[in-house]
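*Asks:* Before anything else, here's the structure in question.
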Amino acid sequence: MVTKKEIADHLGISRTAVSLVLNNTPSSTISNETRHKILQAAKELGYRDIAVSPKLCYVLYDRDANDPRYMADLQIMEAKASSFNYGLVFMNISSTPESLNKLRKYLDNREIEGFILSGDVDEKLLELFRHSNTPYIFYGMPPFNQEEDLNFIAFDNKTLAFHATEHLFSLGHTRVALFIGSLDYHIHQLTLEGFREAHTSNGIPLDKSLIQISNDENGYELCKRAEMLQLNPTAIFCANTVIQFGALQYLQSTGVSVPHDVSLVGSGLSELVKVSSPQLTTYYVSEEEKAKTVTILLEIINNRNPEGTFSSRVTEFERFEGGTIAPCKLT
């Protein structure tokens, strides 16, 4: 069995340094370059305790831990972190004092080298990291009106909504509904803006009754409401795949054919997209773009600069050609 002393001799460094790294002991004296060399040597030499590796943490804030949208992202981040010999810890945190204290303990003991923050981020979480010296990056969207002095990667949901709605117009649909979550969240505000701009750009009057909101993001209930109100859309843009999947279930349960009677297009590439029948048509950010979050966080870790921050906006989207959209039927 390979010992820590043998790893130290192999690298020509002190046994203390090897022990600090392999025992995951919080220490500011071991450089990231040396840490990576030790972990790589331990792996190559067959050291059995290599499970103890530097770690990043993916924090899902104020969202259900089983939300398929975030679980798909977690898998992407985990695979990318592993390629750099990092482990990835998952934490599901709420805005309650008890839950935030749990996260604060992780920040205090310095066992996690960097954090990816996702979900319904609010001022409480923002302040927690502002007063911490731990590297972090907000993933998906920074807190509304809080973009200065923050590390974040934002997805341009306004542009996504514009392209998705415009694509439906190109297929002959003029009566397009928008199914969306609470407008308390900036992401939904941006989606609404893109939906409106697509109407203006294409010279199509906006029927505000076709904008339907569900704080629970319940596509099934939104579809049921639309039917009761006799809104009769020929196509629906759903702000996410959870809403889209629920809408599909309701339409199918009432004998409405998708996409021949009603087309559905959504946002995101969660597991719901491919397990659905037919598969959901969506606009999404590629895995490569999402995985860059880990690369950027490691750059922040390795080049700490309290005076500098990193921000980026993803404006390019791909379309998954599922089976839920079709040209509008002539009437």
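In full-length UniProt numbering, the protein residues as written are 1 to 331. C-beta atoms are modelled at their ideal positions from N, C-alpha and C, and glycine is treated no differently.
#1: Quick one: what's got a C-beta closer than 8 Å to residue 279's C-beta in the same chain, skipping five residues either side?
#2: Out of 294, 198, 237, 41, state which residue places its alpha-carbon closest to the alpha-carbon of residue 268.
#3: Based on Cα-Cα distance, which residue from 42, 245, 54 lies nearest to residue 32?
#4: Is the distance from the Cβ of residue 153 to the Cβ of residue 314 below 8 Å?
#5: Using only alpha-carbon positions, find the residue among 220, 158, 131 that is nearest to residue 149.
#6: Contact check, residue 173 vs residue 141 under 8 Å by CB: the rounded distance?
#7: Using the Cα positions of residue 107 and residue 63, report the straight-line distance between them to the nearest angstrom.
#8: Within a Cβ cutoff of 8 Å, which residues of the same chain sit near residue 6, ignoring the five residues on either side of it in sequence?
#9: Exposed or buried, what is residue 270 when buried is set at 16 or more other beta-carbons lying within 10 Å of its beta-carbon?
#10: Could you check what DSSP says for residue 32 in three-state terms: helix, strand or coil?
#11: Would the C-beta of residue 153 count as close to the ligand SAM, meaning under 7 Å from any of its heavy atoms?
#12: Look up residue 27 in the DSSP assignment and say whether it is helix, strand or coil.
#13: Is the distance from the Cβ of residue 113 to the Cβ of residue 296 below 8 Å?
#14: Taking 8 Å as the cut-off, decide whether the C-beta atoms of residue 181 and residue 219 are in contact.
*Replies:* To lay it out plainly:
#1: 273, 320, 322, 323, 324
#2: 237
#3: 54
#4: yes
#5: 131
#6: 28 Å between Cβ atoms; not a contact.
#7: 21 Å
#8: 45
#9: buried
#10: helix
#11: By its list of ligands, the structure shown contains no ligand whatsoever, and the ligand SAM lies outside what it can speak to.
#12: Confidence at residue 27 is low in this model, with a pLDDT of 44, below 50, so the placement of that residue is unreliable and no value is reported for it.
#13: no
#14: no
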